[in-house]
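Residue numbers (the UniProt record's numbering), protein chains in the order written: chain S, 1 to 298; chain X, 1 to 280; chain C, 1 to 248. Using N, Cα and C, we set each Cβ at its ideal position, and we do this for glycine too.
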Amino acid sequence: MSETTPAAETRRRRPQSLIAAGNILRFLAKTPTSAFGLLVLAVLILTALFAPLIATHDPYLQDLTNTLAPPDSAHLFGTDELGRDIFSRLVHGSRITLTIIFLVTIVVGPLGLLVGTVAGYFGGKTDVALMRVTDIFLSFPSLILSLAFVAALGPSLNNAIIAISLTAWPPIARLARAETMTFRSADYIAAARLQGASPARIIWKSIVPMCLPSVLIRLTLNMATVILTAAGLGFLGLGAQPPMPEWGAMIATGRRYMIDSWWLVTFPGLAILSVSLAFNLLGDGLRDALDPKQMMKR
Amino acid sequence: MTSDPILDVQGLSLRYPGAAEPAVRGVSFTLGRERLGIVGESGSGKSTVGRAIMKLLPDAEMSAERMRFEGVDLLRASEAQMLKLRGARMSMILQDPKYSLNPIRRCGDQVAEAYRTHVRCSKRAAHDKAVAMLAAVQIRDPERVYGLYPHEVSGGMGQRIMIAMMLLTDPDLVIADEPTSALDVTVRLQVLKILDDLVKERGIGLIMISHDLNLVRNFCDRVLIMYAGRVVETLDARDLDRATHPYTRGLLAAQPRIGGPRAPLPVLQRDPSWTMEAPA
Amino acid sequence: MKPLRIEKMSIRFGAVTILPEVSFEVAPGECFGLVGESGSGKSTVLRCASMLLGTWSGDAKVGDRSVREMDLMERCRTLQMVFQDPYGSLHPRHSVRTTLSEPLKIHRLGDTEERLAQAMRDVGLPVEFLDRYPHQLSGGQRQRVAIARALILEPEVLLLDEPTSALDVSVQAEILNLLVRLREEKGFTCVMVSHDLAVIDHMCDRFAVMKAGDIVEVLPREAILDGSARHPYAQELIAASLAYEGAA
C-alpha cells in the first residue's frame, strides 16, 4: 500500500487543481468582458506561435520602391517608410510583446511575493527595512525609473525587460505584505508554528497559497502597464532597437509620417490598445473568479 | 395574550439564490403579545426566519401563504413601506454590538438618530428621549455613556445601548437574534432581564432566536424548535423537559449540566425522517 | 504523564499588562480548567505556555523541563494546542492529508500512511476524509481534524482553547466525549479554557477562576455546587452560571 501512495497522491491531487483551473476558465468564458480578454489573449498567443505562417511578408524585407503604401490587398495594413509590410511586422512584434510580458512576470511575481510575504510575516525591523526599499522604488513614476535604468544599462530589449521588472515588483510586494498581515495571526499559522514548521516552510506552504490569487490578479492587471511601459521605452528608442518590429518603436518611427500615412501609427497603436485592454478585462474577470466566495463552491 | 396576533406567518419558505435546498420550508406560527423562542442548531434556518420577517433578504426566493404584521401584508409590502416599518414598528437586535454600532459615531447620537428617523422632533427632544431610554436599560450614568464611542463601552453595555436604540420607537415586534451569545455569563442575565422587563412592560411581541435551550426556557413563553428549515415541535417553554420530538430531547440531553454525571454525553442521532415530517 | 507547572507567568503589551503574575500546577494526567470572562487572559496563558507568544517572563515547566530550555522540535512534541474556531484553525487550501502529514514530515516520522489512518480512527473520522478540504467538512468534523493534528505528535500536554464554544450543543457533546475518551486512551495532561462552567464541570477536576489576568481562586469541581468559593468574583460567576442554567 505504501509503495503505491505517492503515485496515488499525485493522481488525486492533479484533478483537484485541474478542475479548479477548468472552473476558473469556464467562469471567465461566461462573462462577456473577460471572455473578450481571453479571446484577444488567445489570438495573441496563436499569432506569436505561428508568426512565420501568418505573416504575409518578411518583416525585415525592405522595398524602397513601395514605401508608405496605403493598406490594400497586397499589404493589408500598408507599408512603412522603408516599404516593409506593417501587418507582418505587427505579427512578428507579438512575439516581442509576449516575451516581455512573460519575462517580466516570472521575475516580478516571485520577487514581489518573496519580499512581501517575508516583510509581512516577520514584521518589525525586517518589515521596516524591506518596505522602505519598496517605498523608494514606488516613489518614482515607473516609466521615469525604467528610463533611468535603461540609460544606465544601455538601450536594448533585454535591458528594457530588466528595467521594467525592477520597477514593477513593488506594488506586488505591497499587496503580498498586506495579505500576509491579515493571515499572520490566523490560528492555522499558529498551529503550523506549534508543529515546529520553520518560518520558510510556513511562508512557502501556508502563506504563499493564500496570497497567490490576489497576486495573480494584480500581475494580470499589471501586464497592461508592462506593455505600455515597453511600448513607451520602444517609442523613446530605449527598448527594442531597429529593425526589430516592436510595437512602440513602430509608432515612434511612424510618428514622422503620421499626418499623411495614418496606418503607420494606427495599427500598432490598436494592437497595444487591444492587448492591454484584454489584460485589464481578464484581470477584472480573474478577480471575480478567484473571489473566496466563488472558491468555496469548488 | 390578546386575541389579535401581532404577527401571523403561514407556510413560509425561503431559498437562497444558488442554494440547492431551501433554508426554510413551510414555517407557520402566530405571535401575540408574548415571547416566542426559536431554537435550533446552526443551519437550521432560525436566523433566516427572523430576517425573512423583516424582509432583509431581497435576493432570496421567498413564498408564504400568509405573512401579516398588524394588518400589513408583508408579502406585498413595498421596500418603501418596509422602511417605514423597520425600526419603527418592528426592530431587530443582533448578536454582537461590536458590529452593529457604527464605530466612528457616539453611541448616544446613534440612538437619537434612530429615533429621529421615524419620529419628527427636535434634536434636543431626541437627545432627551435617548438619555431617558439609556436610563431605562439601567445604564447608570446615561449622559456620560451618551458621549462615548462604541469601542469605549463593554459588550454588555453595548448590547444595552442596542436594546435602547431598538425599543426607543416603541415597536410592537422585536426580533432578538442571539442577543447575548457574545456576552459573558455574568452580564448575560442582566441584559436578558432588562430586555425581558421592557418587553413585558410595554407589551411588545418578542421573537428570541437562539441556539441555547437554557436561555429560551427561562425567557420565553413558547418555543419553536427548528431542524433543517422546518419547525419540528412547538412547546410551552415550561414544558420543554417534556418535549416529545427526539431532536428536542437529543438537544436537551447533549447539554452538559453542572453537577451532572460524568458519563459520556448522549450524542444526537440524526434521523433523516425529521426533515420529511410535516410541521407539528 | 507529566505535570505542568506555570510559575509567575507575566506578560505586557506596551503599557497594558495582560497577565500580572499567574501561577498554577496541573497534576500528571489531570484536566485543569481556566474560566473567566472575555479578556481575562485565559487564552493568553495558553499562548504563552506554548511559546506562541515569546515575550513573557516567568516559567512553564513540563515535568522538570522548562519550555524555554526545549528546542522547537522537542517543545512541539511536548505541548500541543487545539484552537477555538474550527473554521480558522485549518488552512483553507490544505487537504486533511496535508494538514496531518505536515507535522510528520517536519519531525521526520515514518509510516506516514499508517499514522494518518490511525489518527483519523482515533478521532472517529473515516479514512477517506483524508482527501477532503476544510470547506467540505462540518464544524465538528473540522474540530476533530484539529484534535487529530494536535495529537499526531503524541504530546505530553494538550492545551484546549475553548474547543467547543463555536459548535452546536449536539456537536459539542460529541467533541467532549471524544476528548474524554482520548484522555483515557492516551493519558495526556490537559488544560482547558472555557467560559462555560458546565463544560468545565463536565471535563475538569479542578479549575482556576480568572479575572483581569489574575487567578482569583483555584477550586475543585465540587465547589460549584457546595458553595465553598470564597472570592466574590468566583461566587458571582458560579451564581450566574447556575442561574442561567436554571438548575438552581
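Between E61/X and G11/X, the CB-CB gap reaches or exceeds 9 Å. Residue pairing by DSSP places V231/X opposite M226/X in a beta bridge. Contacts between D85/C and chain S, judged by CB atoms closer than 7 Å, involve D187 in chain order. A residue is called buried when at least 16 other Cβ atoms come within 10 angstroms of its Cβ; I204/X meets this threshold and is buried. Cβ atoms of I6/C and V22/C come within 8 Å of each other, at about 6 Å.
Membership of M166/X in the alpha helix (DSSP H) is indicated by the continuous run 155 to 167. Counting along the chain, the unbroken beta strand (DSSP E) around R5/C starts and ends at 4 to 13. In the three-state reduction of the DSSP assignment, P28/C falls in the coil class, being assigned neither a helical nor a strand state.
DSSP places S165/S in the uninterrupted alpha helix (DSSP H) bounded by 157 to 184. The beta-carbon distance between L103/S and I172/S, rounded to whole angstroms, is 15 Å. This is too long to meet the 8 Å contact definition.
Nearest Cα to Q118/C within the set L153/C, M210/C, L90/C: L153/C.
Taking all protein chains shown into account, P264/X has fewer than 16 neighbouring C-beta atoms within 10 Å of its C-beta and is therefore exposed.
For F32/C against V191/C, the beta-carbon gap comes to about 5 Å, under 8 Å, which counts as contact.
Residues of chain C whose Cβ lies closer than 8 Å to the Cβ of T186/X are, in chain order, E37, E236, L237, A240.
K125/S: not part of any beta strand (DSSP E); member of the alpha helix (DSSP H) spanning 124 to 138, first to last residue. I258/X and L235/X have their C-alpha atoms some 25 Å from each other. Under DSSP, R206/C shares a beta bridge with F32/C, P220/C. For the options V218/C, V145/C, V193/C, I175/C, the alpha carbon positioned closest to that of D161/C is the one of V193/C. Of the residues A278/S, I272/S, T253/S, the one whose Cα lies closest to the Cα of R84/S is T253/S. In this structure the region 128 to 145 of chain S does not touch the region 66 to 81 of chain S; the number of beta carbon pairs closer than 8 Å is below three.
Around the C-beta of P179/X, 16 or more other C-beta atoms lie within 10 Å, and the residue is accordingly described as buried. With a cut-off of 8 Å on Cβ pairs, the region 33 to 50 of chain X is in contact with the region 195 to 214 of chain X, counting three or more such pairs.
Across the set K2/C, S10/C, M1/C, the C-alpha of S10/C shows the shortest separation from the C-alpha of A212/C.
For V267/X, the neighbours in chain C by C-beta distance under 8 Å run, in chain order, S170, A173, E174, N177.
At a cut-off of 9 Å, the C-beta of A243/C has a neighbouring C-beta in chain X.
At a cut-off of 9 Å between beta-carbon atoms, P20/C makes no contact with chain S. DSSP places F29/X in the strand class (E or B) of the three-state scheme. Chain-ordered listing is empty here: chain X has no CB closer than 7 Å to the CB of I147/C, the nearest sitting near 16 Å. For the set R222/X, L173/X, V187/X, the Cα lying nearest the Cα of L198/X is the one of L173/X. Legend: CB atoms of the region 190 to 208 of chain S lying less than 9 Å from CB atoms of chain C belong to residues A190, A191, A192, R193, L194, Q195, G196, A197, S198, R201, K205, S206.
Residue burial annotation: P126/C is exposed, with fewer than 16 other C-beta atoms found within 10 angstroms of its C-beta. In the structure shown, the three-state DSSP call for L19/C is strand. Here V131/X is actually not in contact with I194/X; their C-beta atoms are around 16 Å apart, not less than 8 Å. Note that the region 248 to 262 of chain S does not touch the region 198 to 216 of chain S; fewer than 3 beta-carbon pairs, one per stretch, sit closer than 8 Å.
Beyond the five residues adjoining it in sequence on each side, C220/X comes within less than 6 Å, by CB distance, of R35, G37, M208, A237 in the same chain, given in chain order. At a cut-off of 9 Å between beta carbons, L90/C contacts chain S.
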